[in-house]
Every structure is written in C-alpha cells, then in structure tokens.
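Quick note: the sequence shown uses full-length UniProt numbering, first residue 1, plus one each step. Every residue gets a Cβ at the ideal spot worked out from N, C-alpha and C, and that includes glycine. Only one structure is covered here, and it is reproduced in the block below.
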Amino acid sequence: MGVRGLRKFIKKNQGLMKDFELCGAKLVIDGNNLLYHLFDASGTDYLHGGDYMQYAAQVQAFFQTLQSCHVSPFIVFDGGHDPGDLKLQKRLSRAKDRIADVERLKTVPPLLIYEVFRQVVDNFGIPFVVCDLDADHDAAVLANDMSCPLLSFDSDFFVFKLQYGLIPFETLDMNVVYKMEDHTGSSKTYLKCKIYFSDALSRFFPRLGSDAVILMATLLGNDHITRDLLYDFYRSLRLGPARIPLKFERKETDILKLFNWLLEQEDLTTAIDEVIQRTRNPEKRGEVRAAIMTSIDQYTLEPLKCKFRLSEHFDDHAQKRDVKSYEGNAIPEWVKRWHETGKISMVLQNIIVLRRNIFMSQMEDIRSMSSYRCAVPIRKILYGILTSSDSDPNRRIKEIDRDGQNVEEMYLAPATGVPKLCEIPNLTIDERQTMFLETLGLHPTLLRNLPDDAKLLTSVIRFVFHNSQPSMDENHVHAMLCCLFAINIKLQVEDMKGFGLSMIKEVISGRASGELEDNMEYINVFLGQERRADKRHTRINVIDAFAQYQACFMAAFDLNQILMCPFPNVNPAEIIHGTLLHNMYLEFERKSSPDHRVNELLHGLPELSELYNKMLSLILS
Numbered sequence: 001m002g003v004r005g006l007r008k009f010i011k012k013n014q015g016l017m018k019d020f021e022l023c024g025a026k027l028v029i030d031g032n033n034l035l036y037h038l039f040d041a042s043g044t045d046y047l048h049g050g051d052y053m054q055y056a057a058q059v060q061a062f063f064q065t066l067q068s069c070h071v072s073p074f075i076v077f078d079g080g081h082d083p084g085d086l087k088l089q090k091r092l093s094r095a096k097d098r099i100a101d102v103e104r105l106k107t108v109p110p111l112l113i114y115e116v117f118r119q120v121v122d123n124f125g126i127p128f129v130v131c132d133l134d135a136d137h138d139a140a141v142l143a144n145d146m147s148c149p150l151l152s153f154d155s156d157f158f159v160f161k162l163q164y165g166l167i168p169f170e171t172l173d174m175n176v177v178y179k180m181e182d183h184t185g186s187s188k189t190y191l192k193c194k195i196y197f198s199d200a201l202s203r204f205f206p207r208l209g210s211d212a213v214i215l216m217a218t219l220l221g222n223d224h225i226t227r228d229l230l231y232d233f234y235r236s237l238r239l240g241p242a243r244i245p246l247k248f249e250r251k252e253t254d255i256l257k258l259f260n261w262l263l264e265q266e267d268l269t270t271a272i273d274e275v276i277q278r279t280r281n282p283e284k285r286g287e288v289r290a291a292i293m294t295s296i297d298q299y300t301l302e303p304l305k306c307k308f309r310l311s312e313h314f315d316d317h318a319q320k321r322d323v324k325s326y327e328g329n330a331i332p333e334w335v336k337r338w339h340e341t342g343k344i345s346m347v348l349q350n351i352i353v354l355r356r357n358i359f360m361s362q363m364e365d366i367r368s369m370s371s372y373r374c375a376v377p378i379r380k381i382l383y384g385i386l387t388s389s390d391s392d393p394n395r396r397i398k399e400i401d402r403d404g405q406n407v408e409e410m411y412l413a414p415a416t417g418v419p420k421l422c423e424i425p426n427l428t429i430d431e432r433q434t435m436f437l438e439t440l441g442l443h444p445t446l447l448r449n450l451p452d453d454a455k456l457l458t459s460v461i462r463f464v465f466h467n468s469q470p471s472m473d474e475n476h477v478h479a480m481l482c483c484l485f486a487i488n489i490k491l492q493v494e495d496m497k498g499f500g501l502s503m504i505k506e507v508i509s510g511r512a513s514g515e516l517e518d519n520m521e522y523i524n525v526f527l528g529q530e531r532r533a534d535k536r537h538t539r540i541n542v543i544d545a546f547a548q549y550q551a552c553f554m555a556a557f558d559l560n561q562i563l564m565c566p567f568p569n570v571n572p573a574e575i576i577h578g579t580l581l582h583n584m585y586l587e588f589e590r591k592s593s594p595d596h597r598v599n600e601l602l603h604g605l606p607e608l609s610e611l612y613n614k615m616l617s618l619i620l621s
C-alpha cells in the first residue's frame, strides 16, 4: 500500500511531527519495509548480486543499537499475495521496471536479502510473525494492542489511528544519545526521532475529525482506488488559496484542492455521496463507491476485522487461520504454523493459494534467458508437493518471469508421484534427505562422508554447474567454493555471532586469529578489489552465471524448507558474496590453474583442504 504524495507532504510540513526520544519501550516494526531500507542505508554492493555479509552486519548493528537503548522490537512481515489480485497490476509494473533497472545497472535489491534479514532477526531472538497477506492493518492493530509506537517508511501508517504514534523510518537517528537524569544521577540512552499522530492532520478538519484523514488518503489514491476512477472528481474541484496553515508545493495542486474541499464537508457519508455525484458516468458510480468503501475499510482499525490478532500470536495463543488451497482444500496446520513463524518462504503460500509465482529480475544479462530458468527442475518437484492436495490432474503453475526485456507468463506442470504436504511430517529424515538430494541429481550414498551442510551446498553447486545456460566452467565452481570457505574463515576471525557453517567452524573455532593471518591476507586481496569492481570493470556474463547460482540456491532452500529442513538452514551471508565471486572468477580465468590460489586460501588447514577437494570432485562428476 501507499498513499500518493502523502509522505512527501508530511516531510515538508515538519510541524505535523513531534520530537521523540526512543528508549525503554516496545516497538512494532514493519519488517518488509525495514529490510529494504537497511539495504539502501548499508551501501552494500548490488552490481555483483549482493554482498550479504556486509548487509547482515548492517542488520545486526541496527538491532544492537535498539538493544542498547532498551527497545524491544516486534517485527511484522507481509505474507502471500491477495487472492483478489488487488496489487497484481502493481507487481507486474514493478517487474517491468526491474528489468529496465537491470539493463541500466541501477540499484537492484539482491535476491536473498529477506532470508538474510530473517535469520539475523531469529539469531537475536527477536519476536516476529509473517501475516497471511499484507501486514499493514495487522501491524497497526498490534501496535495499539501493545501500547507502543510503530516504525515504518510506508505512507499508509500516517492514516491509521495509531494511539502511540508512528515513527517514520527516515527520522530515526541511529546515533545513540547518552543523557544524565538530573534528579536521580543515573543516565539513559535513547535515539532521536520524530513521532506522528494522525490527529495532527485531522485537527484541521473539525467537522470530519478522524474521518478526514481516512477520506483524504482514499481520495489521494492508493492500492485500493486509482486516480483514474477519481478523474471527474478532481476535474470538478476549484483551485484556490490554502485555507489551512500548511505548506503546499506548486505541483501539489490536487492536495491543495482536496484539503479545501474537505473543509466544506459536514460528515463522511455526505462527503462520499458528493464524490459519487461528481462522477459523470452513472454506470461508473457503483465502482467508485465500492473502491472508496474498500479503502476506508482498510484504514479503520476495528479489532473485530482481524481474523488473526498478532498480539495473541506473541502471547502463544494464536487463533487458527482459514487459508485454503487453490481448489479450496484445507492446508495442513504445520504448513500454516511454519508460514507464520517464517520457517518457510512466504512465496510458497502464493503457489498453494494462487498457483502463481512472480519473479523479480536479478542483476543479470538480459540478453540471456532469465536466471530463474536454471532452477525449473527443482521447482517442478516443489510445485508438486505444494499443490498435492488439489485433484486437478492438469493443474499448472503460472510463472511470471523475464523473457528478454519483457515480462511474460509461462506455465509449469508440477511433478507427480511426490509426497503430499500432509505426509511430509510422517517421513523420516533419511527419506526427506533422499528426496532433496535426488531432486538435485545426487544419490545420498555419494555424500555419506560429508557433513550435512556440505551435502546441501555440494548438491546446489553441482546442480547449477550442470544446468546453467550458458554452461559454467570449472573456474565458476572454484569461485563458488573459495567464496564460501573465505567468508566463513573471515566470519570466525571477526567473531560474528550467530554466523558460520558448522563444517568450517568445527575445524577453525579453536584457532587463534593470529594462526589465520595468511588466510586472511589472501581473502583481503579480493576484498580490497571491491573498490575497483565498478561498472567499468564488471563482466555481466560472470554476474549472470552467479545469478543462476542464487536462483538455484533459493529454489533448493524452498524445497529444503517444505521438506521440514532435513538439512540445516544456511544463511546466504555465509556462502554468497557477489564481489568476491566476480573477482575470484576473473582471477582464476587469468591463471592456468586455480590450485595455487586455493592452497593460499586454505594454507595450514588440511582438514578444510580435504573437504574442499571432496566437494569439488563430487560437483565436477
């Protein structure tokens, strides 16, 4: 959601907000909103597909700062897409815009940042929940239930009647302030920010009261009502001088006209009737009224409208949900529970309920086929499991993906002969591991001497090596392996809490950082090249190959989750570093053999050298 022009208008009228000291309080956070804004704030590389380790450090630093001010966050994530396709056109438009951004090498969020963010949150023990659909309404109700403010960048929250206020994300200063309390001699730490209450606007409209803000947001246009529907209404309004003491830019004539019109209205009902009457085409009036009422309903925080109260989730008394499959069949309780607790990707609900999957282009070569096509064999198995409760033998999953520079629809037939969702909990871990590995083209006996996380990573890298188009070479494989080994050595040296593959941690956890100086020197050679890895020195064909790696990792990760994690989850920050992958590949390409560089990386670590060679042999087989 989002109200057209409202955030910019309020930002310009700072008097609508108050100074606020954030400390010692609960805080509801719009999770999807925050994760992308932390990416923007981190300065993380996007050109090479994402440097997830740097992003993870930024997320950790954010929550550590909140903890230092005794702020207790509760995070709310969006869930699946609306079955009514309310935002479908907006998502399709966004997919088209993404292709244009990729072509121009503009900032594109890396594919796996949601999973990095979620795992950092999980490591911190921060309570979070994934909603069924859009989270805005439920998050607003939660903030009121918990008697605390809400943090977001989304302009819709300026409209909700949040009893304890909205903290706009851009006003939050992350520099901790230390303040001495005069009367006690004790000190407190807090963060400076601004806080907004909806009555800051509604007080200008005494006759309409709080209804004025909701009607204003509706008539400005949002995801529930387009400006095209309101063309006649705005055309009929006269432009005059501002009648309230707020700043209006020249381009904001519609906002000015709307505010002046709202001042003349007696109550909500007659105001809506007048909008309808100003719609010239009588046949269109019913559509306009329905859209207005839908929008108003979304902004009205009546607890009874929430079938699922998030506050009850955090109190461990969550109500049962009634989400159904595409054919209206019940979804197993374990799937709904894993969805709301973030143990399975929110995208999987779209496949179960809508039989649809929308792919947003990564940083890749748009002259080649979409990076997601590489993972089709994995997704067929995944789709077969997810739609197993439906009886239609001809069912298809609609995939909306890039085809060249266009967004196209493609249909994929789910695999048959796979377990049903309700049967997954009854399978042994060996059966689930076997299904995962065979989907990726490996028999479990080939991997019996590898740790579990090495089995997962070996199978994914082997799959992308044998299925990528254009085909990868051995230098790609060495780059992928060296990258994940290098990341994990660096994570252990820097003691980044909650991170690190167990297969590497177990080998080097007891070593002093001084023992790994030579290894770090090698790693820093490539990290030092980040400054030179700009657009002029970037090979888009190399980036494209590793975009396929990320797409396959995501599909395999989803499959592992829906099989109830027979292999331990790995954080993308532990295995993928776009700039390292790019630079390592170029280095290996220049050398006749990458063996020397691999030996430098793993110098003095014979156990890791042995593991590296085992994985390499299996991948190339």
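- A direct Cα-Cα distance of roughly 39 angstroms separates Leu86 from Thr538.
- Under the DSSP assignment, Tyr190 falls in the beta strand (DSSP E) whose first and last residues are 187-196.
- Taking every protein chain shown into account, the CB of Arg98 has 16 or more other CB atoms within 10 angstroms, so this residue is buried.
- Here the C-alpha atom of Met363 lies approximately 16 angstroms from the C-alpha atom of Pro470.
- With three or more CB-CB distances shorter than 8 angstroms, the segment 572-584 counts as touching the segment 51-58.
- Between His81 and Phe169, the C-beta gap is not smaller than 7 angstroms, which leaves the two residues out of contact.
- As DSSP reads the structure, Asp51 sits in a beta bridge with His577.
- The three-state reading of DSSP puts Met360 in coil, since its state is none of H, G, I, E or B.
- Ala330 has Lys324 as its beta-bridge partners, per DSSP.
- The Cβ-Cβ distance between Asn33 and Lys247 does not fall below 7 angstroms.
- The shortest CA-to-CA distance from Asp30 to any of Asp45, Ala140, Gln58 is the one to Ala140.
- In terms of CA proximity to Ala242, Thr253 leads the group Phe233, Ile400, Met360, Thr253.
- Here Arg94 is exposed. Its C-beta has fewer than 16 other C-beta atoms within 10 Å.
- In the DSSP assignment, Arg207 falls outside any beta strand (DSSP E), carrying neither H nor E.
- Phe197 and Ser147 have their C-alpha atoms roughly 14 angstroms apart.
- In this structure, DSSP gives Arg104 a state outside helix and strand, which the three-state scheme calls coil.
- For Glu21, the uninterrupted beta strand (DSSP E) run begins and ends at 17-22, by DSSP.
- By the Cβ neighbour-count rule, Gln64 is exposed, with fewer than 16 other Cβ atoms within 10 Å of its own.
- For a cut-off of 8 angstroms, the C-beta gap from Ile619 to Leu386 is around 28 angstroms, too long to register as a contact.
- By the neighbour-count criterion, in which 16 or more other beta carbons inside 10 Å mark a residue as buried, Arg207 falls on the exposed side.
- With contact defined as three or more Cβ pairs closer than 8 angstroms, the segment 447-457 and the segment 501-515 are in contact.
- Of Thr458, Ile487, Leu491, the smallest CA-CA separation from Val477 is found for Thr458.
- Assignment of Phe436 by DSSP, reduced to helix, strand and coil, places it in the helix class.
- About 46 angstroms separates the CB atoms of Leu262 and Ala330; that is not less than 8 angstroms, and the two are not in contact.
- Membership of Asp134 in any alpha helix (DSSP H) is not indicated, and neither H nor E is assigned to it by DSSP.
- Distances from the CA of Pro149 to each of Asp78, Phe20, Gly125, Val176 were compared; the closest alpha carbon is that of Phe20.
- Short of 8 angstroms from the beta carbon of Asn569, and not among the five residues preceding or following it, lie these beta carbons of its own chain, in chain order: Gln119, Phe557, Asn560, Gln561.
- Counting along the chain, the unbroken beta strand (DSSP E) around Lys398 starts and ends at 397-403.
- Assigned with DSSP and collapsed to three states, Leu111 falls in coil, not helix or strand.
- If one requires a minimum length of 3 residues, the beta strand (DSSP E) runs lying completely within the segment 131-183 are 150-152, 166-168, 177-180, in chain order.
- For Phe233, there is no enclosing beta strand (DSSP E); the residue is found in the alpha helix (DSSP H) stretching over 231-236.
- Put simply, the backbone Cα of Ile195 is about 13 angstroms away from that of Cys23.
- Between Thr218 and Ile292, the CB-CB gap stays under 7 angstroms.
- By the criterion of a C-beta distance shorter than 6 angstroms, Leu268 is surrounded in its chain by Asp211, once the five residues flanking it on both sides are discounted.
- If you check the CB distance, Gly15 and Met346 do not come in under 7 angstroms.
- By the Cβ rule, the segment 360-376 counts as touching the segment 540-553, because three or more pairs are nearer than 8 angstroms.
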